[in-house]
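As you go down the protein sequences, you meet chains A and B in turn.
Residue numbering for the first sequence follows numbering that gives the first Met the number 0, starting at 0 and increasing by one per position.
Residue numbering for the second sequence follows numbering that gives the first Met the number 0, starting at 0 and increasing by one per position.
All residues carry an ideal CB built from backbone N, CA and C; glycine is no exception.
Report on one structure; see the data block that follows.
There are 2 protein chains.
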Amino acid sequence: MILNQTAVYALRAAAALAALPPGMSIRAQELAERTHVPVHYLSKVMRRLVLAGLVTSRKGHGGGFALSRPPKQVTFAELLAATDAAPEPGKCAYGWGSCDPDDPCPLHPTWSSLQEMVGAWSTSCTLDDVDADALPP
Amino acid sequence: MILNQTAVYALRAAAALAALPPGMSIRAQELAERTHVPVHYLSKVMRRLVLAGLVTSRKGHGGGFALSRPPKQVTFAELLAATDAAPEPGKCAYGWGSCDPDDPCPLHPTWSSLQEMVGAWSTSCTLDDVDADALPP
DNA sequence: CTCTCAATAGACATCGATGTCTTTTGACGT
DNA sequence: ACGTCAAAAGACATCGATGTCTATTGAGAG
Chain A
0 MILNQTAVYA LRAAAALAAL PPGMSIRAQE LAERTHVPVH YLSKVMRRLV LAGLVTSRKG
60 HGGGFALSRP PKQVTFAELL AATDAAPEPG KCAYGWGSCD PDDPCPLHPT WSSLQEMVGA
120 WSTSCTLDDV DADALPP
Chain B
0 MILNQTAVYA LRAAAALAAL PPGMSIRAQE LAERTHVPVH YLSKVMRRLV LAGLVTSRKG
60 HGGGFALSRP PKQVTFAELL AATDAAPEPG KCAYGWGSCD PDDPCPLHPT WSSLQEMVGA
120 WSTSCTLDDV DADALPP
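Okay, here's the thing in structure tokens:
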């Protein structure tokens, strides 16, 4: 898998929130069923999204989770960052401490191109790109 | 990290082999030092590359590892496949059993574009793209 | 105020990826 | 044939990601 499980769960959950009518919230239980994520684990993931300010939560009656911004304004990069799955630009794939264009490791050219690609993908994709029509009621 | 540790180790080791003079082999110990991969773990990774036919090994005196083909003919995709880190095109990020363009999940458009990008990267990069000059003697 | 609902918090469990060690096998030099 | 070198094999250990459970906290309804 390209991205780790937690990050994928975050994308799933956020996609499900984005598919909701604007302003509507959803309970963790219901969200878990729709996204096939284990309920208790999902609540942990959601917590990270809440802390990152991407999602709001309300306890008690009529509570649940909702996006804190319109889908178009939530990038995948933010979701990945909230789950520590974002690419780390400075990190050297060859095990060297630092690795920049001036003092590149053997893998630098190929590796940095991958990093940039994934980075560009994550910043260009937003929750507006999820296919809400693809969801069952 | 975008790719898992084992896959990165495989890229490192293969890059180090590619930087060798053609036909030359190298012992596991030496390879481990150059790539900063734990020796014993490296031997496991190398075993996978040998089984995949990407690397040859010789035991005993003067033994070691060497590429079984010219660097230009070894793609990153093969290295990833040998370490089970290649993207799985059919796999649905949304947790659905199957997920194709005809019956897409909400994440399908964004996810498949990532898969394709990484796939294209891995097939276009070869060991000829590693920067041999960047290596210390 | 009290009851119920639902998120929060955090302890605990599990599992696979990662890492270490020891023994075995094969190849070469003498 | 023997000894040494080095990969192969596989048992074992560790650790972090993942998953489960229980208790607590906060919010609304009555």
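- Counting C-beta pairs closer than 8 Å gives three or more between the region 123-132 of chain B and the region 104-116 of chain A, which meets the contact rule.
- By the criterion of a C-beta distance shorter than 8 Å, B/G22 is surrounded in its chain by A65, once the five residues flanking it on both sides are discounted.
- For B/K90, the closest of B/K58, B/P103, B/L79 by C-alpha to C-alpha distance is B/P103.
- Secondary structure at B/R57: strand, using DSSP grouped into helix, strand and coil.
- Nearest to A/M116 by C-alpha distance, out of A/A17, A/P88, A/G52, A/A9, is A/P88.
- Take the alpha-carbon of B/A9 and the one of B/R26: they are about 15 Å apart.
- Around the C-beta of B/A14, 16 or more other C-beta atoms lie within 10 Å, and the residue is accordingly described as buried.
- Taking a contact to require three or more Cβ pairs closer than 8 Å, the region 30-37 of chain A and the region 72-82 of chain A do not qualify as touching.
- In chain order, F75 place their CB closer than 8 Å to the CB of A/W120, counting only its own chain and leaving out the 5 sequence neighbours on each side.
- With contacts defined by Cβ atoms closer than 8 Å, B/G52 and B/S42 do not form a contacting pair.
- For the pair A/I1 and B/P86, the CB atoms are nearer than the 8 Å cut-off.
- Excluding sequence positions up to five before and after A/R11, its CB lies within less than 7 Å of the CB of T34, V36, all in the same chain and listed in chain order.
- A direct Cα-Cα distance of roughly 34 Å separates A/Y40 from A/G96.
- Of B/L50, B/S112, B/A81, B/L16, the smallest CA-CA separation from B/V129 is found for B/L16.
- Residue ranges of uninterrupted beta strand (DSSP E) with 3 or more members are absent from the region 67-129 of chain A; none lies entirely inside it.
- Where A/S42 is concerned, the enclosing alpha helix (DSSP H) starts and stops at 38-50.
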